[in-house]
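Below is one structure, written out as structure tokens; the observations come after it.
As structure tokens, then:
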């Protein structure tokens, strides 16, 4: 009981943090218990005040001594300690916080539409992005900020090739085609950073409209590459569409009498991408295009092992 009376107050600690008296703050923390350290003062915890002031050593002392609820506290401004640390580029603090954040807090969206992931991408915190992505929900990964950015767009903007590769398979159709408030796409930004592997991956995933948007604002060499890639994919789509029409629409399912050809078609299908083939069939106004796609998917599921070995 006397110990509680003698220990410093949370308000004293926050005052020391506010004036950036790091040495005094550390002395106070050493004398305080979890209940006092976890209190809220003017809508913020001591941890959020310390993150805001960039006092990393103070944060390191606070994190193991605070309650789970206090660590996951959301301020009236819509920040958690993690989103704030990421926005300030405090990599070490983010690294300490991530394992302690609840699922709700790790997916938290701030008032300006950011997540810890979008901030981490913007601040070049590659390691933090890698830690966050497996822990986040698909919705949070695909979050669009108030500026029209996604984590993928920001990663491309910052030239984070590894993060782009991780994110691309996880993006929803709308998010991968997202155009920012400044008129950029992940593809235009990847092109600007000369991330050839990334914009090649993106071309196979993005809609024709989004790709055309890129063609109006990219460098000459990038335009040439994209146009050649589209042309190549269209040739593959055309050949595959013709073969599938003959197989699935010629004489019904019994017409599939050449298994090797179908395996080859599956290989083309994997290269061309389901979405691009669908768009091609619709553009060409092919009857039963939906049926063709469904039958191709069923064939791949049935013979996935053989396709994997041959392709």
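Numbering (full-length UniProt numbering), first residue to last: 1 to 311.
Even for Gly, the Cβ is constructed at its ideal location relative to N, Cα and C.
- Residue 141 and residue 7 have their C-alpha atoms some 43 angstroms from each other.
- One alpha carbon belongs to residue 89, the other to residue 176, and they sit about 25 angstroms apart.
- Unbroken alpha helix (DSSP H) stretches of 4 residues or longer found wholly inside the segment 169-202: 173-176, 186-192, given in chain order.
- The C-beta distance from residue 111 to residue 147 rounds to 13 angstroms, too long to meet the 8 angstroms contact threshold.
- With fewer than 16 other CB atoms across the displayed protein chains lying within 10 angstroms of its CB, residue 23 is exposed.
- Around the C-beta of residue 42, fewer than 16 other C-beta atoms lie within 10 Å, and the residue is accordingly described as exposed.
- Residue pairing from DSSP leaves residue 18 without any beta-bridge partner.
- Here residue 44 is bridged, per DSSP, to 41.
- With 16 or more neighbouring CB atoms inside 10 Å of its own CB, residue 36 falls in the buried class.
- In the structure shown, residue 125 adopts coil according to DSSP, grouped into three states.
- Using a Cβ distance threshold of 9 angstroms, residue 51 and residue 98 do not count as a contacting pair.
- Judged by DSSP in its simplified three-state form, residue 8 adopts coil rather than helix or strand.
- For residue 204 and residue 151, the gap between their C-alpha atoms comes out near 19 angstroms.
- Rounded to the nearest whole angstrom, the C-alpha separation of residue 114 and residue 34 is 30 angstroms.
- At a Cβ-Cβ threshold of 9 angstroms, residue 123 and residue 86 count as neighbours.
- Here residue 127 is exposed, its C-beta having fewer than 16 other C-beta atoms within 10 Å.
- With respect to residue 58, residue 17 sits close: the two C-beta atoms are nearer than 9 angstroms.
- In this structure, DSSP gives residue 131 a helical state, which the three-state scheme calls helix.
- Around the Cβ of residue 158, a 10 Å sphere holds 16 or more other Cβ atoms; the residue is buried.
- Cβ-Cβ distances below 7 angstroms link residue 193 to 156, 159 in the same chain, with the five nearest sequence neighbours on each side left out; the list follows chain order.
- Counting only the Cα atoms, residue 95 lies some 27 angstroms from residue 12.
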